[in-house]
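Quick note, the sequences are listed as chains G and W, same order.
Counting in the working numbering, the first sequence tops out at residue 889, every number present.
Counting in the working numbering, the second sequence tops out at residue 159, every number present.
Positions of the beta carbon are idealized from the N, C-alpha and C atoms, including for glycine.
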Amino acid sequence: MARTDRISDPWGSRTPYAAGEPWPQRVDRYLTPGLTDDDVDRWVQSAAVLHSNGDGLDIAVKDGRIVGVRGRAGDRVNHGRLDPKDLFGWQANHARDRLHTPLIRQNGVLVESDWDTAMDRIVARSRQLLDERGPNSIGFYTSGQLFLEEYYTQCVIAHGAIGTNHVDGNTRLCTATAAEALKESFGCDGQPGSYTDVDHADVIALYGHNVVETQTVLWMRMLDRLAGPNPPAIVCIDPRPTPVARHATVHLAPLPGTNVALMNGLLHEILDHDWMDHDYIEAHTVGFHELRKRVAEFPPERVADICGVDPDDVRRAGELIGTAERLLSTVLQGFYQSHQATAAAVQVNNIHLVRGMLGRPGCGLLQMNGQPTAENTRECGADGDLAGFRNWANDSHIEELATLWNLDVTAIPHYAPPTHAMQMFRYAEEGSLRMLWVSATNPAVSLPELGRIRRILSQDRLFLVVQDMFLTETAQLADVVLPAAAWAEKTGTFTNADRTVHISDKAVDPPGQARSDFDIFLDYARRMDFRDRDGRPLPAWNTPDEAFEAWKRCSAGRPCDYTGLSYEKLRGSGGIQWPCNAEHPDGVERLYAGGEFFAAPDYCEAYGKDLITGAPLEPTEYRAMNPFGKAIIKAAEYVPPHERPSAEYPYVLITGRTVYHFHTRTKTGRTPQLQAAAPEVWVELARADALRAGIVEGDLVEIRTVRGCVTAAARLTDLRRGVVFLPFHYGYWDTGDDGGKGGHHRAANELTLTDWDPVSKQPIFKTAAASVRRIGAGMAATPEPVAHAVADEHLGEGRS
Amino acid sequence: MTKLALPIVQLHRSERHLAHALRAIAARHHSDQDICHLARDLAGWCDEHVELLARHGRRYHVRLPAGPRRIHARRWIQEKLSDAMKTRPEPALLLLADLRRVHRIAAGVSLDWELLAQGAQATKDDDLLALTQRCHPQSLRQMRWANAMLKELSPQALAV
């Protein structure tokens with residue numbers, strides 16, 4: 090057993106392996122210092138919740154308290170390994186400032202209350218709004234961090250019982266483009282690839298995906314391949330000099346906002362050299378002709394001009410991707426949170442379609458997500474989609490839902506696409522949305538242009554309900570705050586970015602009066618006395634496992650088919666991928682084998698949209714274009730970003746993440762080891778830019794856009810010139826006073842602009858025009874990561 | 000001057016008109032950021048069409064300005080007005096009317112392209128035909144955008 094400092098070395102020791110071999114096991118664990126396995130009363134099965142990777146783990150319990158975690162050696166996702174966030178992050182469950190009782194606003198301040206009083210307030214306001222203004226005056230803004238059972242319950246309450254069209258999740262900020270890009274290309278959501286494609290690939294291309302910090306265990310898998318014989322070549326597309334970039338054969342650092350031009354350039358190379366599978370294109374796709382015409386406009390020289398990269402690097406990257414035999418592509422926020430998000434992500438799909446590389450080992454396409462349960466938000470229809478990947482524009486799909494929920498078809502709004510989060514906030518701003526229920530997310534730090542968001546959430550006319558573990562920046566603005574149970578304090582299931590379903594069992598009781606999100610939603614439904622067509626209570630279930638069984642019926646026959654799963658089957662398993670049904674009792678590793686898609690007009694989830702205007706295609710148009718349900722190759726023109734650098738604001742600001750924190754640090758900021766590793770916001774500057782501006786490492790710098798300013802300590806790196814990077818995790822709950830330092834100058838989203846991709850409606854966090862100014866010398870030394878943040882690593886004996 | 004000069008002049012005028020309408024909706028609804036950003040992007044398509052028509056017009060001996068109409072100072076005022084009204088529900092209804100207007104103008108532009116394409120085919124002007132094939136789909140997309148936004152935004156504006 091090795092002991093590794095997993096703060097200074099987040100990825101731990103190497104277990105090299107060769108292409109096609111199983112990935113060796115390595116079991117990571119962290120127990121409260123002084124305890125050993127012998128002290129642990131029991132281990133409770135769960136999976137990781139501080140990223141989207143879905144690493145299987147067991148929770149150690151002693152005397153009714155969590156005392157540590159251990160990776161599950163037999164889990165298909167992580168083979169025992171854990172991210173440092175998960176090794177240490179469970180300690181946040183014990184934080185002293187957990188919410189123990191409901192709070193209500195009285196005379197302008199939040200005071201402690203009880204469940205009856207708090208829920209009655211919510212019910213009274215809901216009834217009043219339903220009477221006076223109708224269902225669309227109520228909106229739900231949920232999360233990517235609840236469990237499947239909770240989302241499905243929430244979806245039935247909102248879409249069915251209330252009949253509002255306003256339900257979305259913070260998944261809009263993280264995974265909306267992944268879902269949309271898959272719908273555009275394959276007619277339906279559903280991750281094509283599998284993490285096991287890392288074991289087989291000869292080229293791995295990462296598009297705006299800093300896997301090193303966002304999915305550390307997946308990066309360990311890649312590092313182990315890189316350390317073994319016949320390692321894969323890496324293509325990295327990222328303006329930052331990330332560790333991926335350092336391991337890359339070709340690193341392209343495009344100017345933020347120009348991804349579509351770059352992708353068209355790569356496709357230009359592939360088409361120009363005829364690195365294509367013509368039979369596949371002919372048999373399984375429509376729309377190739379359009380792509381050919383479009384990418385002809387993007388020879389490497391023009392791309393180099395637009396993106397500010399070396400044309401030879403475009404050629405080299407194009408050749409690697411074009412000549413790969415087993416190509417794995419992964420995409421994340423560098424594309425999803427940037428300008429023309431969907432259009433760019435779709436071009437990655439196009440590469441796999443023209444090369445015929447889908448559904449085979451190593452030929453993987455992974456449109457990622459950022460949060461642990463984002464996939465379930467999508468499946469269950471809690472994110473601006475409908476349950477079971479059903480199509481809002483297809484009446485027969487709505488009839489299926491009406492039958493499942495025993496409601497009239499007219500009770501389920503489907504006259505327009507479900508409202509996306511940014512539009513919900515706009516409706517709240519103009520005053521037509523009067524009640525917003527926020528669960529397990531923190532828009533007062535995570536949405537763009539925070540000054541505006543705070544103004545919207547603080548309005549007297551808006552009734553704000555916040556359901557959380559802690560009194561977040563958003564909860565501080567609420568009218569009612571509901572204390573929620575955390576992970577490990579409730580039972581449910583969730584699904585990771587490669588369709589792997591895990592069960593997470595209750596290990597300990599929640600503190601004080603805190604309740605699970607599931608119980609809170611159900612309590613609301615019962616108090617509202619929601620009924621179905623026959624007068625029976627709606628939702629028709631009372632426990633998580635009943636909800637799971639109901640969900641199985643909803644998913645039956647749909648791409649995300651769960652009918653072959655059960656709590657019993659998941660307990661003890663190493664994770665099972667959907668679709669899992671009678672035909673595939675062990676799940677399906679890769680979708681779209683043999684060029685079979687879910688795109689048939691009567692079956693598909695979406696008819697697609699115009700990649701520039703976002704206007705949906707009419708059902709008849711889709712039917713005419715794609716009568717046989719083939720994959721759809723969609724080309725896109727390049728449109729320059731909306732906010733470009735100017736003389737006054739000469740830099741492009743991008744925001745992002747660090748390995749030590751998740752989201753707005755509600756958990757990781759309350760974890761001693763993680764907080765000590767990255768305690769304060771910093772700004773990353775290119776050395777050449779810093780030199781010109783007279784800034785040295787550690788200086789205090791002001792970053793300003795037309796919307797606000799942030800002060801942060803400078804870190805100088807080999808970042809692309811003209812670009813400035815800020816981590817978005819830091820808000821105000823731990824600054825001592827509301828704004829901190831007499832104002833709101835810490836959260837990166839003070840600076841970002843209100844603009845979103847017209848297709849996926851994902852906000853743009855990566856193209857704001859900014860200025861940079863030195864304020865003065867910083868503190869003497871940057872804080873050292875805490876010593877002894879060691880975790881145990883036990884290497885397996887070559888078994889998988 | 001052949002008869003084809005006439006539809007070119009007409010189309011040139013209607014494209015400039017559409018660009019103007021799109022920039023106006025962007026200014027009047029500055030607080031609806033997606034409308035604002037996208038309307039400006041789509042006005043850019045009209046500018047390209049105007050430039051191409053002006054270039055092509057020379058072959059038919061018509062002199063047409065290659066740029067968009069000049070920008071009115073009024074737009075700045077409209078933007079400020081929209082910002083001042085952003086917490087009120089009334090502009091949502093106004094937005095529906097403005098989108099309807101954009102749709103109507105774009106439909107007219109689309110018809111004009113249709114006419115020009117017919118003329119180009121009948122006179123065997125391949126360059127002109129290629130021009131219509133390049134630009135006409137974008138007019139249709141502009142029209143569909145207005146239609147889609149109407150469909151998406153009207154339930155809230157009309158019922159809540």
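1) Is the beta carbon of G/A505 closer than 8 Å to that of G/D497?
2) At the level of alpha carbons, what is the spacing between G/A162 and G/V306?
3) Determine whether the Cβ of G/S889 lies closer than 8 Å to any Cβ atom of chain W.
4) Using the three-state DSSP reduction, which class does G/Q429 fall into: helix, strand or coil?
5) Return the residues of the stretch 686 to 706 of chain G that lie within a Cβ-Cβ distance of less than 9 Å from chain W, sorted by chain order.
6) Can you tell which of G/E110, G/V116, G/L176 has the C-alpha that lies nearest to the C-alpha of G/V879?
7) So, is the C-beta of G/H731 closer than 8 Å to a C-beta in chain W?
8) Please confirm if the stretch 667 to 683 of chain G is in contact with the stretch 270 to 284 of chain G, defined as three or more CB-CB distances below 8 Å between the two stretches.
9) If you draw a straight line from the C-alpha of G/A767 to the C-alpha of G/V349, how long is it?
10) State the DSSP-derived secondary structure class of G/R888, mapped to helix, strand or coil.
11) Return the chain-ordered list of same chain residues with a C-beta closer than 6 Å to the C-beta of G/R115, the five sequence neighbours on each side being excluded.
12) Residues in its own chain within less than 6 Å of W/L92 by CB, not counting five upstream and five downstream?
13) Just by C-beta distance, which residues in the stretch 78 to 92 of chain W are closer than 8 Å to chain G?
14) Below 8 Å on the Cβ atoms is my contact criterion, and I expect G/T264 with G/N480 to pass it. Report the Cβ-Cβ distance as a whole number of Å.
15) Pair every Cβ in the stretch 747 to 754 of chain G with every Cβ in the stretch 348 to 367 of chain G, then say whether three or more of these pairs are closer than 8 Å.
16) When the cut-off is 8 Å and only beta carbons count, does G/Y738 lie next to chain W?
17) Does the stretch 545 to 553 of chain G come close enough to the stretch 614 to 633 of chain G to have 3 or more Cβ pairs within less than 8 Å?
18) Where does the unbroken alpha helix (DSSP H) through W/R54 begin, and where does it stop?
19) Can you find a CB in chain W that lies within less than 8 Å of the CB of G/T843?
20) Distance check for G/T121 and G/G470, CA to CA, integer angstroms please.
21) Is the distance from the Cβ of G/L70 to the Cβ of G/A836 below 8 Å?
22) In chain order, what residues of the stretch 122 to 139 of chain W put their CB closer than 8 Å to some CB of chain G?
23) Looking only at DSSP bridge pairs, what is G/D117 linked to?
24) Which residue or residues does DSSP assign as beta-bridge partners of G/I323?
25) Which ranges would you report for the beta strand (DSSP E) in the stretch 433 to 476 of chain G if only whole runs of at least 3 residues count?
26) Determine whether the Cβ of W/Q155 lies closer than 8 Å to any Cβ atom of chain G.
27) When the cut-off is 8 Å and only beta carbons count, does W/H55 lie next to chain G?
28) Which residues, in chain order, does the stretch 517 to 544 of chain G contribute to contact with chain W at a C-beta distance below 7 Å?
29) Please list the terminal residues of the continuous beta strand (DSSP E) segment that includes W/P6.
30) W/A158 CB to nearest chain G CB: under 8 Å?
31) Between the stretch 208 to 228 of chain G and chain W, which residues of the former have a C-beta closer than 8 Å to a C-beta of the latter?
32) Can you tell me where the beta strand (DSSP E) with G/Q762 in it begins and where it stops?
33) Give the C-beta separation of G/C649 and G/G477 to the nearest angstrom, bearing in mind that I take them to be a contact with Cβ-Cβ under 8 Å.
34) So for G/I853, helix, strand or coil by DSSP?
35) State the DSSP-derived secondary structure class of G/Q304, mapped to helix, strand or coil.
36) Would you check if there are 3 or more beta carbon pairs closer than 8 Å linking the stretch 286 to 296 of chain G to the stretch 701 to 708 of chain G?
Concretely, from the data shown:
1) For the pair G/D497 and G/A505, the CB atoms are not nearer than the 8 Å cut-off.
2) If you take the alpha carbons of G/A162 and G/V306, they lie about 13 Å apart.
3) Bear in mind that the predicted position of G/S889 carries a pLDDT of just 41, short of 50, making it too unreliable to give a figure here.
4) The three-state reading of DSSP puts G/Q429 in coil, since its state is none of H, G, I, E or B.
5) For the stretch 686 to 706 of chain G, which is checked against every Cβ of chain W, the residues closer than 9 Å are K698, D699, I701, T702, G703, A704, P705, L706.
6) It is G/L176 whose Cα lies nearest to the Cα of G/V879.
7) At a cut-off of 8 Å between beta carbons, G/H731 contacts chain W.
8) Touching, yes, given that three or more Cβ pairs across the two stretches are closer than 8 Å.
9) Taken atom to atom, the span from the alpha-carbon of G/A767 to that of G/V349 is near 33 Å.
10) Low per-residue confidence applies at G/R888: pLDDT is 44, beneath 50, and the placement is therefore not dependable enough to give any value.
11) Taken in chain order, the residues that qualify are T104, G169, R170, E882, L884.
12) If we look at W/L92 and ignore the five residues flanking it on each side, its Cβ neighbours are A156.
13) Within the stretch 78 to 92 of chain W, the qualifying residues are K85, T86, R87, P88, P90, A91.
14) Going by Cβ atoms, the distance from G/T264 to G/N480 rounds to 19 Å, so no, they are not a contact pair.
15) The answer is no - the stretch 348 to 367 of chain G does not touch the stretch 747 to 754 of chain G, with fewer than three Cβ pairs under 8 Å.
16) So no, G/Y738 is outside the interface.
17) Not touching, per the Cβ criterion.
18) Counting along the chain, the alpha helix (DSSP H) containing W/R54 begins and ends at 32 to 56.
19) Among the CB atoms of chain W, one or more fall inside 8 Å of the CB of G/T843.
20) Their backbone Cα atoms lie some 39 Å apart in a straight line.
21) As displayed, chain G neither begins before 90 nor continues past 889, which places residue 70 of chain G out of reach and without an answer.
22) Hits within the stretch: zero.
23) DSSP lists G/E882 as the bridge partner or partners of G/D117.
24) In the DSSP assignment, the residues bridged to G/I323 are G/I293.
25) With a minimum length of 3 residues, the continuous beta strand (DSSP E) runs that stay inside the stretch 433 to 476 of chain G are 454 to 456.
26) Yes, W/Q155 lies at the interface with chain G (some Cβ there is under 8 Å from its Cβ).
27) Not one chain G Cβ lies under 8 Å of W/H55.
28) Answer set for the stretch 517 to 544 of chain G: E518, E519, G520, S521.
29) Run containing W/P6: none in the beta strand (DSSP E); it sits in the alpha helix (DSSP H), 4 to 27.
30) Between W/A158 and chain G, the shortest Cβ-Cβ separation is below 8 Å.
31) Listed in sequence order: R222, G223, N225, S226.
32) Element bounds for G/Q762: not the beta strand (DSSP E) but the alpha helix (DSSP H), 761 to 766.
33) Sure, about 7 Å apart at Cβ, within 8 Å.
34) Here G/I853 sits in coil by DSSP.
35) Here G/Q304 sits in coil by DSSP.
36) Touching, no, given that fewer than three Cβ pairs across the two stretches are closer than 8 Å.
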